[in-house]
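So the working numbering is basically just the index in the sequence shown, starting at one, shifted up by 1092.
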Amino acid sequence: MTADLNQKLIDNISIILKKSLAADATLADLRDKEKAGFIAIFKADAGFEASANTFQPYVEEVADELMSWQKSQNQQSLISLVKKIEQLFVVLAKFEESHR
């Protein structure tokens, strides 16, 4: 079970990474056109330690949490990681939808 779960987490983070690279490129273009003046992707209470106006720091945070969870197998760490992955998928999907 743990090997399957680990692989699914890796797969999901890989998908998020690819989507975030495209989203960050779009954000850079929007900033060049002065259409993206926000400070952070997620609000402070979203559960992320990162606070940035691009997706990459958030992706790095979940990748770091995956490595931490792989070592500890801690249930609370897993719950936090899965919630962050879910939030990234939701926000990236909304962003993609609004910038097609």
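Using N, Cα and C, we set each Cβ at its ideal position, and we do this for glycine too.
>> For a quick check, are the C-beta atoms of Phe1181 and Ile1108 less than 9 Å apart?
In response: yes
>> For Gln1168, report the span of its alpha helix (DSSP H) as first-last.
In response: 1167-1190
> CA-CA distance, Met1159 and Ser1112?
Replying inline: 19 Å
>> What does the alpha-carbon distance come out to for the pair Gln1165 and His1191?
In response: 38 Å
> In three-state terms, what does DSSP make of Asn1098?
Replying inline: helix
> From Gln1125 to Ile1131, what distance separates their C-alpha atoms?
Replying inline: First, the amino acid is wrong: residue 1125 is Lys here, not Gln. C-alpha separation (whole angstroms): 16 Å.
>> Nearest by alpha-carbon distance to Ala1128: which of Ala1138, Glu1178, Gln1179, Ala1115 is it?
In response: Ala1115
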